[in-house]
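Here's the structure we're looking at; comments come further down.
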């Protein structure tokens, strides 16, 4: 996906600062470099180079979030699938999120298919093995993972920012930041 | 999914970031209007932000 050439407006004379200029010279130069370099956009290269790389937090490995895993999160009504839902997440909800995002997708599907308390029991069993100090780091890493999942969505909410709060529910889901527990 | 001949099982496991990028490429190929800033636009904004942060 080659980048089209575009003209960036900015100061024409670096030695004579224009008080009306919105961008400084360094910003104008950076924008020019971004448009003139014949390469794929960094969001796309990141998606294909880093998208498959697992994130490790202690003994836990957080694989990339695919549609299947995200639909499981929707099925259990995880707040992470709602805009801003990551902020007020209970410990139970955070444990379920960690379970879905660190255990094989197939296991979550099978436990949910069993019905009853099978899924909840498995979540609680996992939660008992996670040190409290690791929960926050795990939640943060999952937040990064999910923000990364939605980093390439093109919607009216796309901002080209650092990966937090990019997606809109109306198109595919939310892109939460770091989950926080409320007790 | 049909565009690349993927099975549904393979598709469901693809990282969403890759799926969205491919979706955007397919949409552009068929002449769809982007619903927001393109990847190039987002690259420009990110570059300006990075440069601004350095000079601040």
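Residue numbers (our numbering), protein chains in the order written: chain A, 3 to 185; chain B, 65 to 120.
Every residue gets a Cβ at the ideal spot worked out from N, C-alpha and C, and that includes glycine.
Runs of beta strand (DSSP E) lying entirely within the segment 51–127 of chain A, each at least 3 residues, in chain order
If we require 3 residues or more, the beta strand (DSSP E) runs fully inside the segment 51–127 of chain A come out as 57–59, 62–64.
Could you list which residues in chain A have their beta carbon closer than 7 Å to that of residue 108 of chain B, in chain order?
Residue numbering aside, residue 108 of chain B sits at position 44 when the second chain is read from its first letter. Simply 33, 36, 37.
By the criterion of Cβ-Cβ separation under 9 Å, what are the contact partners of residue 66 of chain A in chain B?
Counting from one through the first chain, the residue named residue 66 of chain A turns up at place 64. Correct list: 77, 78, 79, 80, 81, 82.
Members of the segment 89–119 of chain B near chain A, C-beta cut-off 9 Å:
For the segment 89–119 of chain B, the set of residues with a beta-carbon nearer than 9 Å to any beta-carbon of chain A comprises 89, 91, 92, 98, 99, 100, 101, 102, 103, 104, 105, 106, 107, 108, 109, 110, 111, 112, 113, 114, 115, 116, 118, 119, in chain order.
Let's see if you can read the secondary structure: which residues bound the alpha helix (DSSP H) around residue 74 of chain B?
Numbered from 1 along the second chain, position 10 holds the residue referred to as residue 74 of chain B. First-last of the alpha helix (DSSP H) with residue 74 of chain B: 72–77.
Along chain B, in chain order, which residues have C-beta atoms closer than 7 Å to that of residue 153 of chain A?
Here residue 153 of chain A refers to the residue found at position 151 when the first chain is read from its first residue. Simply 81.
Buried or exposed: residue 30 of chain A, going by 16 or more other Cβ atoms within 10 Å of its Cβ?
In the first chain, the residue the question calls residue 30 of chain A occupies position 28. It is buried - the Cβ of residue 30 of chain A has at least 16 other Cβ atoms within 10 Å.
Just the Cα atoms here: how many angstroms apart are residue 25 of chain A and residue 48 of chain A?
Translated into positions along the first chain, residue 25 of chain A becomes position 23. Translated into positions along the first chain, residue 48 of chain A becomes position 46. Cα-Cα distance, rounded: 27 Å.
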